[in-house]
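Enquirer:
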Amino acid sequence: MRAIASASRARRAEVADVAVVGGGAAGLTAAWYAARYGADVLVLERTRECGKKVLMSGGTRCNVLPCEVDITKDYFTSAKMGALRSIFSSWDLADAKKWMEDDLGLPLVVEQSTRKVFPKSQSSRDVRDALVRGCERKRVKFQYHASVEQIQPVKHEMIRAEPCWRCILDDGTHVDARNVVLAAGGASFPKVGTDGSAFSLAQGLGHEVHKPFAALTPLLGSHPGTDRLAGVTLEVALQVASRKNEAGQPSNEKNLKPKKKRKKKQVKEATREGFLFTHKGYSGPAVLDLSHHFVQHMEGLATAGNPELLVNWANKTEQEWKHILDPSAGGGGTLVTNKLRTALPQRLAVALCEEVGIGGSRLAELTRQNHAELMNALVRFPLNITGHAGLDKAEVTGGGVTLHEINSSTMESRLHKNIFLCGEVLDCFGRIGGFNFYFAWVTGRLAGKAAAASTHRFNDAAQDLVMP
Numbered sequence: 000m001r002a003i004a005s006a007s008r009a010r011r012a013e014v015a016d017v018a019v020v021g022g023g024a025a026g027l028t029a030a031w032y033a034a035r036y037g038a039d040v041l042v043l044e045r046t047r048e049c050g051k052k053v054l055m056s057g058g059t060r061c062n063v064l065p066c067e068v069d070i071t072k073d074y075f076t077s078a079k080m081g082a083l084r085s086i087f088s089s090w091d092l093a094d095a096k097k098w099m100e101d102d103l104g105l106p107l108v109v110e111q112s113t114r115k116v117f118p119k120s121q122s123s124r125d126v127r128d129a130l131v132r133g134c135e136r137k138r139v140k141f142q143y144h145a146s147v148e149q150i151q152p153v154k155h156e157m158i159r160a161e162p163c164w165r166c167i168l169d170d171g172t173h174v175d176a177r178n179v180v181l182a183a184g185g186a187s188f189p190k191v192g193t194d195g196s197a198f199s200l201a202q203g204l205g206h207e208v209h210k211p212f213a214a215l216t217p218l219l220g221s222h223p224g225t226d227r228l229a230g231v232t233l234e235v236a237l238q239v240a241s242r243k244n245e246a247g248q249p250s251n252e253k254n255l256k257p258k259k260k261r262k263k264k265q266v267k268e269a270t271r272e273g274f275l276f277t278h279k280g281y282s283g284p285a286v287l288d289l290s291h292h293f294v295q296h297m298e299g300l301a302t303a304g305n306p307e308l309l310v311n312w313a314n315k316t317e318q319e320w321k322h323i324l325d326p327s328a329g330g331g332g333t334l335v336t337n338k339l340r341t342a343l344p345q346r347l348a349v350a351l352c353e354e355v356g357i358g359g360s361r362l363a364e365l366t367r368q369n370h371a372e373l374m375n376a377l378v379r380f381p382l383n384i385t386g387h388a389g390l391d392k393a394e395v396t397g398g399g400v401t402l403h404e405i406n407s408s409t410m411e412s413r414l415h416k417n418i419f420l421c422g423e424v425l426d427c428f429g430r431i432g433g434f435n436f437y438f439a440w441v442t443g444r445l446a447g448k449a450a451a452a453s454t455h456r457f458n459d460a461a462q463d464l465v466m467p
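Residue numbering for the sequence shown follows numbering that gives the first Met the number 0, beginning at 0 and increasing consecutively.
Shown next, in the form of structure tokens:
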């Protein structure tokens, strides 16, 4: 009987407790927590190093967390918000910050002006290295250039408690594990390895994958006025509205008298610094936060009608602008552009005047119609959106594995035991400001802990089979 037990243990030693597919933020977190709770963990990373997207994050500063979260405003998913609330209730921001500082040894600081959390060193490499070193201290193993092409169930002789999972690599070899954590990212920035392969793996397991799309991506379109404004940046307020047709009705609604009063739809807004005119259109946090509305419409994924992006330059009210442009206070001979320059970049001030046909005009020369058109241009200017920069430039991927197929307490698949999913492969993304990292940390932690617990159950059952 001892010989049988010894042979069985040797055979089981060839099977990892937990294989983590993908060495990004979510995958490394899952690996750390699985190892922390006693599992033998192997990370399968398809490139030559882990955390390539981490290295690119935040202009290499790496905004690891926000300072506060409103799930209904800061995250986007096609699932019911209850699933997200369940996920985030497992680990709050203070605990995530404590894990990074105390367990990973990564000092953090709060940037008060933006309410964002960064590494004290302001280095994304320090974040990535802290994650990898933390895993290494927990004896997590790494296998690089290991691109997983398929995940399928297999049975091992002498281990009859539950089936194992086989990760088949692109070179024809395979890795067997009792539990698999799928954390191979989305499809944004495919040059660093996140090319959508995780979605194919999930579909191969029978999961429903909502069509991926570029989220937090720059938008394309022409600038106000006659000159290009590339490089101009300022604080703005943006609003997504439903574009109306010629009859004055929202383009996505039929001209029918409603049977009952409808609830007023929530207006999508973003007020941020860093609105940026690019060579081909628009970028910056405010634009990126709302870009998915236009991407989904252009890709045929939206249920709503044709969206319109309205900008309030300098985020001022009409009353504030009327005060600035009041000729009765003296200075009626002042050029309108000079008055606008008190709150706007000069090039933009000139462009807006050109847009409404008052280039070179003085305050005293403006007609009532001129004033009305200028006011609309200042506080409700419709940006001409003609396209988007796509997944190559997107900060994160929208779409993914639907959350109703995932146990929100453990991140385990509801279709297969011992398969866990976390991070960007799931149908959820957050806005700019550390929210996507927070989702990666939380879901990675849940998946890692649950995979370790599953390993212990598996080992206990297998031990019962081979010991007297």
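Backbone N, C-alpha and C fix where the C-beta goes; we use that ideal spot for every residue, glycine too. All values reported here derive from a predicted model rather than from experimental measurement.
1. Please check the pair Val355 and Leu373, which I expect to be a contact at CB under 8 Å, by giving their CB distance rounded to whole angstroms.
2. Using the Cβ count rule (16 or more neighbours within 10 Å means buried), how would you classify Asn435?
3. Give the C-beta separation of Ala25 and Thr442 to the nearest angstrom, bearing in mind that I take them to be a contact with Cβ-Cβ under 8 Å.
4. Tell me His209's beta-bridge partners as DSSP assigns them.
5. Within a Cβ cutoff of 8 Å, which residues of the same chain sit near Glu298, ignoring the five residues on either side of it in sequence?
6. Could you spell out the range, first to last residue, of the alpha helix (DSSP H) harbouring Thr28?
7. Any idea what DSSP makes of Cys49, helix, strand or coil?
8. Kindly identify the DSSP beta-bridge partner or partners of His387.
9. Any idea what DSSP makes of Asp175, helix, strand or coil?
10. Hey, Pro65 and Arg114: beta-carbon distance below 9 Å or not?
11. Hey, Leu390 and Ala186 are a contact pair by Cβ (cut 8 Å); roughly how many whole angstroms apart?
12. Apart from the five residues just before and just after Glu404, which ones in its own chain have a Cβ nearer than 8 Å to its Cβ?
13. As a quick exercise: from His455, Leu445 and Gly399, pick the residue whose alpha carbon is nearest that of Ser85.
14. Which runs of the beta strand (DSSP E) spanning at least 3 residues fall entirely within the segment 81–149, listed in chain order?
15. Should Gly22 and Gly58 be called a contact, given that it needs their Cβ atoms to be closer than 9 Å?
16. Quick one: is Asn337 buried, meaning 16 or more other Cβ sit within 10 Å of its Cβ, or exposed?
17. Going by DSSP in three states, Glu394 sits in which element: helix, strand or coil?
18. What's the call for His291, buried or exposed, on a 16-neighbour Cβ count within 10 Å?
19. Counting only the same chain and skipping the five closest in sequence on each side, list residues whose C-beta sits under 7 Å from that of Gly192.
20. Taking 9 Å as the cut-off, decide whether the C-beta atoms of Gly331 and Arg367 are in contact.
21. Roughly how many angstroms lie between the CA atoms of Asn383 and Lys96, to the nearest whole one?
22. On a Cα-Cα basis, can you pick out the residue from Pro217, Leu204 and Ile431 that is closest to Trp164?
23. By Cβ distance below 7 Å, which residues in the same chain neighbour Ala229 in space, the five residues on each side in sequence not counted?
24. When the Cα atoms are used, what is the spatial distance from Arg346 to Val63?
25. Pick helix, strand or coil for Ser408, following the three-state DSSP scheme.
26. Need the endpoints of the alpha helix (DSSP H) that Asp482 sits in, please.
27. Going by DSSP, which residues form a beta bridge with Glu307?
28. State the CB to CB distance for the pair Thr454 and Asp16, rounded to an integer number of angstroms; the pair is presumed to be in contact (CB under 8 Å).
Expert: If we stick to the structure as given:
1. Taking the sequence shown and counting its residues from 1, one reaches residue 355 at position 356. Taking the sequence shown and counting its residues from 1, one reaches residue 373 at position 374. The Cβ separation is near 5 Å, so the contact holds.
2. One-based indexing of the sequence shown puts residue 435 at position 436. By the 10 Å Cβ count, Asn435 comes out buried.
3. On the sequence shown, position 26 is the one that residue 25 refers to. On the sequence shown, position 443 is the one that residue 442 refers to. Rounded, the Cβ-Cβ distance is 6 Å, consistent with contact.
4. Working through the sequence shown from its first residue, we reach residue 209 at position 210. Paired residues: Gly399.
5. Sequence index remark: in the sequence shown, residue 298 carries index 299 (1-based). Cβ within range, chain order: Lys210 and Phe212.
6. Here residue 28 is taken as the residue at index 29 of the sequence shown, counted from 1. Run containing Thr28: Ala24 to Arg35, per the alpha helix (DSSP H) assignment.
7. Against the sequence shown, residue 49 aligns to sequence position 50. Judged by DSSP in its simplified three-state form, Cys49 adopts coil rather than helix or strand.
8. The residue labelled residue 387 in the question sits at position 388 within the sequence shown. For His387, which the question treats as bridged, DSSP gives the partners Leu218.
9. Translated into positions along the sequence shown, residue 175 becomes position 176. Three-state DSSP puts Asp175 in a strand.
10. As a working note, residue 65 is residue 66 in the sequence shown. As a working note, residue 114 is residue 115 in the sequence shown. Going by C-beta atoms, Pro65 is nearer than 9 Å to Arg114.
11. Here residue 390 refers to the residue found at position 391 of the sequence shown. Here residue 186 refers to the residue found at position 187 of the sequence shown. Contact holds; Cβ gap of about 5 Å.
12. Locating residue 404 in the sequence shown gives position 405, counting from the first residue. Here the set comprises His206, Glu207, Ser412, Arg413 and Leu414.
13. As a working mapping, residue 85 is identified with position 86 in the sequence shown. Here the closest residue by C-alpha is Leu445.
14. 107–110, 115–118 and 140–142
15. Numbered from its first residue, the sequence shown carries residue 22 at position 23. Numbered from its first residue, the sequence shown carries residue 58 at position 59. No, the pair does not count as a contact, with Cβ atoms beyond the cut-off.
16. Working through the sequence shown from its first residue, we reach residue 337 at position 338. It is exposed - the Cβ of Asn337 has fewer than 16 other Cβ atoms within 10 Å.
17. Translated into positions along the sequence shown, residue 394 becomes position 395. Note: Glu394 maps to coil in three-state DSSP.
18. Within the sequence shown, the letter at position 292 stands for residue 291. Counting Cβ neighbours within 10 Å, His291 comes out buried, since at least 16 surround it.
19. For the purposes of this step, residue 192 is taken as residue 193 along the sequence shown, with counting starting at 1. Around Gly192: Arg45, Thr46 and Lys51.
20. Walking along the sequence shown from the start, residue 331 turns up at place 332. Walking along the sequence shown from the start, residue 367 turns up at place 368. No; because the gap between Cβ atoms is not below 9 Å, this pair is not in contact.
21. The count along the sequence shown starts at 1 and reaches residue 383 at position 384. The count along the sequence shown starts at 1 and reaches residue 96 at position 97. Cα-Cα distance, rounded: 41 Å.
22. The residue given as residue 164 occupies position 165 in the sequence shown. For the residues Pro217, Leu204 and Ile431, the minimum Cα distance to Trp164 belongs to Leu204.
23. For the purposes of this step, residue 229 is identified with residue 230 of the sequence shown, where counting begins at 1. Counting only Cβ-Cβ distances below 7 Å, and skipping sequence neighbours, we find Phe276, Thr277 and His278.
24. Counted from its first residue, the sequence shown places residue 346 at position 347. Counted from its first residue, the sequence shown places residue 63 at position 64. Cα to Cα, Arg346 sits roughly 35 Å from Val63.
25. Numbered from 1 along the sequence shown, position 409 holds the residue referred to as residue 408. Looking at Ser408 - three-state DSSP - the assignment turns out to be coil, as it is neither helix nor strand.
26. Absent from the structure is residue 482, since the part of the chain shown begins at 0 and ends at 467.
27. Counted from its first residue, the sequence shown places residue 307 at position 308. Answer by DSSP bridge pairing, in chain order: Ala240.
28. Counted from its first residue, the sequence shown places residue 454 at position 455. Counted from its first residue, the sequence shown places residue 16 at position 17. With a contact defined as Cβ atoms closer than 8 Å, Thr454 and Asp16 qualify at about 4 Å.
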